[in-house]
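Read through the structure below, which is laid out as C-alpha cells, and then see the notes.
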Amino acid sequence: MARSPRLAQGLDRNAAHFTASVFFDWRLLPYDIAGSMAHITMLAEQNIVTQEAKEQILAGLEQVRQEWEQGTLTPRVEWEDVHMNVEGRLGEIIGPISGVLHTARSRNDQVAVDMHLYMLDVAERLKSLLYAYIKALTDRAEQDFGVIIPGYTHMQAAQPILLSHHWLAYKSMAIRDFERLQQWQQRTNLSPLGAGALSGTPYPTDPARTASLLGLSSVYDNSVDAVSDRDFLLEFLAWAAITMVHLSRLAEELVLWSSVEFGYVRISDAYSTGSSIMPQKRNPDVAELTRGKAGRVIGRLQGLLTTMKGLPLAYDSDMQEDKEAVFDVVDTMDGVLTVVPGMLNTLEVNRERIARRIGQDYTAATDLADILVQNGMTFREAHHLVGMLVTELEKHGKGFGDADPDWLHTVAPKIQPEWLRMLTPERLVAKRLQPMGTAPERVTEQIQATRRWLAEH
Ligand code: ARG
Numbered sequence: 001m002a003r004s005p006r007l008a009q010g011l012d013r014n015a016a017h018f019t020a021s022v023f024f025d026w027r028l029l030p031y032d033i034a035g036s037m038a039h040i041t042m043l044a045e046q047n048i049v050t051q052e053a054k055e056q057i058l059a060g061l062e063q064v065r066q067e068w069e070q071g072t073l074t075p076r077v078e079w080e081d082v083h084m085n086v087e088g089r090l091g092e093i094i095g096p097i098s099g100v101l102h103t104a105r106s107r108n109d110q111v112a113v114d115m116h117l118y119m120l121d122v123a124e125r126l127k128s129l130l131y132a133y134i135k136a137l138t139d140r141a142e143q144d145f146g147v148i149i150p151g152y153t154h155m156q157a158a159q160p161i162l163l164s165h166h167w168l169a170y171k172s173m174a175i176r177d178f179e180r181l182q183q184w185q186q187r188t189n190l191s192p193l194g195a196g197a198l199s200g201t202p203y204p205t206d207p208a209r210t211a212s213l214l215g216l217s218s219v220y221d222n223s224v225d226a227v228s229d230r231d232f233l234l235e236f237l238a239w240a241a242i243t244m245v246h247l248s249r250l251a252e253e254l255v256l257w258s259s260v261e262f263g264y265v266r267i268s269d270a271y272s273t274g275s276s277i278m279p280q281k282r283n284p285d286v287a288e289l290t291r292g293k294a295g296r297v298i299g300r301l302q303g304l305l306t307t308m309k310g311l312p313l314a315y316d317s318d319m320q321e322d323k324e325a326v327f328d329v330v331d332t333m334d335g336v337l338t339v340v341p342g343m344l345n346t347l348e349v350n351r352e353r354i355a356r357r358i359g360q361d362y363t364a365a366t367d368l369a370d371i372l373v374q375n376g377m378t379f380r381e382a383h384h385l386v387g388m389l390v391t392e393l394e395k396h397g398k399g400f401g402d403a404d405p406d407w408l409h410t411v412a413p414k415i416q417p418e419w420l421r422m423l424t425p426e427r428l429v430a431k432r433l434q435p436m437g438t439a440p441e442r443v444t445e446q447i448q449a450t451r452r453w454l455a456e457h
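FYI, UniProt numbering numbers position 359 of the sequence shown as 359, with every residue one higher than the one before it.
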C-alpha cells in the first residue's frame with residue numbers, strides 16, 4: 001500500500017517499529033474481517049458501492065481469513081497494524097478494486113468494532129471457565145460436608161464453621177463475578193461502526209444494519225463517543241481485577257493451609273512443584289502464581305486508566321496501548337481459570353488433622369458467653385467472665401473440655417461444668433440456623449441453590 005502523499009519522506013525504520021501494532025493486534029484479524037464483510041455488504045445494499053465490488057471484496061477477505069487461519073499470512077511492519085495488513089493483502093489478491101472497502105469508514109471506528117467483537121467472544125470463554133470453577137467449589141462443598149474448621153477473623157481462630165461454608169463463600173464471589181461479566185456483555189453489545197473518524201459519514205450508510213449483520217444489538221448514539229470510548233475495556237479490566245482478587249484470596253488460603261504448620265489440605269502432586277535443592281519440598285506453585293498474577297492484572301487496570309485519563313476527544317494513538325493491556329489480562333485470566341478448578345478437584349482435605357486442631361482452641365468462647373446470657377447474665381459480664389476463664393485454662397494448657405469441675409468451681413463458680421461439655425464444634429455449628437448461617441441445613445440449601453444455578457447457566 002502506498003504511503004500518504006502528505007508524507008514525502010519514508011517512515012524512519014525505528015519509528016515504524018515503534019508505532020506498529022501488528023505484532024500484537026494480529027489476533028483481531030478474524031474480527032476485522034467480519035467487520036469489513038458487514039461493512040461492504042451494507043455499502044452495497046445502500047448502493048454506495050457496486051454489487052461487483054462487494055462480491056470481489058467478500059471473496060478476497062475470505063481468502064485473507066483462510067491464510068491467517070492456516071498460518072501462511074505474515075504480519076508486515078510496513079503496514080503498521082492488522083487493519084492495514086488486511087487491506088494490503090486484499091489489494092494483492094483482488095487488485096485496485098479493494099480500494100472501495102474503506103469508503104465511509106475509518107480505522108478509528110474499525111478498531112473499536114474489532115475490539116467489541118473480540119471481547120464479546122472472550123467473555124463467553126471466560127464465563128465457561130468461571131462456570132467450571134463454580135462447579136469445582138460446589139463439588140468440594142459437597143465432598144467435604146461435615147468437616148468443621150475454625151473460621152478466622154484477624155487470622156486468629158474465631159468461631160467454628162463448616163469447611164463447606166467456607167468453600168461456598170468463594171462460590172458466592174465467583175457467581176457475582178460471572179454475573180458482572182454477563183452485565184458487562186449487555187453493555188458492550190453495541191457497534192461503533194459508522195462513526196467514521198469521529199463525526200459520522202456523509203454517505204447514506206446504515207449503521208444499524210452493520211450492527212445487526214455482526215450480531216450486535218444496537219449502535220452508539222454519538223460518533224465522537226463511539227471512537228473515544230474505552231470504558232468497555234476499563235470495565236473489563238476492573239472486572240478481571242476483582243475476579244483475580246477473589247482467586248488470590250483463595251490461593252493465599254491454599255498456600256497457608258497446605259503448609260506443615262496448618263496441614264489442613266494437601267495440594268495434589270499434579271499441582272505442586274519440587275525444589276531444585278531441598279528434596280522434601282512440595283511447593284504450591286499454582287496457588288502462588290494465581291496470587292502473583294492478581295498483581296499483574298491490577299497493574300494493567302491501573303495502566304490503562306492512567307493512559308486514558310488525560311486524553312482529549314476523540315481518537316488518540318495512546319489508545320493503541322489498550323491492546324497489550326487487555327490481551328495480557330485475557331491470557332492471564334484464561335491461564336488461571338484453566339488450572340484452578342483442577343487444583344480444587346484434586347485437593348485432599350486432612351480431616352483428622354483439622355479435627356485435632358479444632359479441639360485445641362477457644363473458638364467456643366462466644367457460645368459459652370451466650371449460655372451465660374441465657375442464664376441471666378448481661379453479655380458484657382459474660383464476655384468478661386469467659387475471657388478470664390480462657391486466660392486461666394491457657395495457663396494450664398487446657399481446653400474447655402478438659403476443665404476439672406472442682407477447679408472450675410474455684411475459678412469461675414458461675415459456670416456449670418455441663419455447659420462446657422455442650423460446647424462441641426458440631427453443636428455450635430448446628431445452632432447457626434438463621435439465614436446465611438453455617439448450620440448444615442443452611443449449607444445444604446446453598447449447595448442446592450448453586451446446583452440449580454449451574455443447571456440454569
Ligand atoms: N492500530 C490502531 C489502534 O490500535 C488502530 C487505529 C488507528 N487509527 C489511526 N487513526 N491511526 O488503536
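Ideal Cβ positions, reconstructed from N, Cα and C, are used throughout, including at glycine.
- Ordered along the chain, residues surrounding ligand 1 are S21, D81, R107, V111 and Q320 [Cβ under 5 Å from any heavy atom].
- Around the beta-carbon of K395, fewer than 16 other beta-carbon atoms lie within 10 Å, marking it exposed.
- Taking C-beta separations shorter than 6 Å and ignoring five residues to either side along the sequence, the partners of I57 in its chain run I40 and L101, following chain order.
- Listed in chain order, the alpha helix (DSSP H) elements of length 4 or more contained wholly in the stretch 3–79 are 13–19, 22–25, 29–45 and 51–70.
- Beyond the five residues adjoining it in sequence on each side, T19 comes within less than 7 Å, by CB distance, of E80 in the same chain, given in chain order.
- Beta-bridge partners assigned by DSSP to E348: R266.
- One alpha carbon belongs to T243, the other to L385, and they sit about 43 Å apart.
- Ranked by Cα distance from N108, the first of N189, M319 and Q434 is M319.
- Fewer than three beta-carbon pairs drawn from the stretch 205–222 and the stretch 82–98 are found closer than 8 Å, and the two stretches are therefore not classed as touching.
- By the beta-carbon neighbour count (other beta carbons within 10 angstroms, threshold 16), R296 is exposed.
- Y315 sits in coil when the DSSP states are folded into three classes, being neither helix nor strand.
- Under a 10 Å Cβ-count criterion, T273 is classified as exposed, with fewer than 16 other Cβ atoms of the shown protein chains found around its own Cβ.
- According to DSSP, residue pairing for I149 in a beta bridge involves I161.
- In this structure the stretch 226–245 lies against the stretch 288–303, because at least three pairs of beta carbons, one per stretch, are closer than 8 Å.
- In the DSSP assignment, Q156 is bridged to T153.
- Annotation: K431 is outside any alpha helix (DSSP H) and is labelled neither H nor E by DSSP.
- A Cβ-Cβ separation of about 11 Å leaves V443 out of contact with I148 under the 8 Å criterion.
- Per the coordinates, the alpha-carbon of P30 lies some 18 Å from the alpha-carbon of E324.
- Among the bridge pairs identified by DSSP, L213 is matched with none.
- Scanning the stretch 376–404 from its first residue to its last, the whole alpha helix (DSSP H) runs of 4-plus residues come out as 379–395.
- One Cα belongs to L214, the other to A287, and the distance between them is close to 39 Å.
- Taking C-alpha positions only, G146 is separated from D32 by approximately 53 Å.
- Listed as beta-bridge partners of L190 by DSSP are S218.
- Remark: C-beta atoms of D322 and L304 approach each other more closely than 8 Å.
- Judged by DSSP in its simplified three-state form, T450 adopts helix.
- Look at T201 here: in three-state DSSP terms it is coil, with no helix or strand label.
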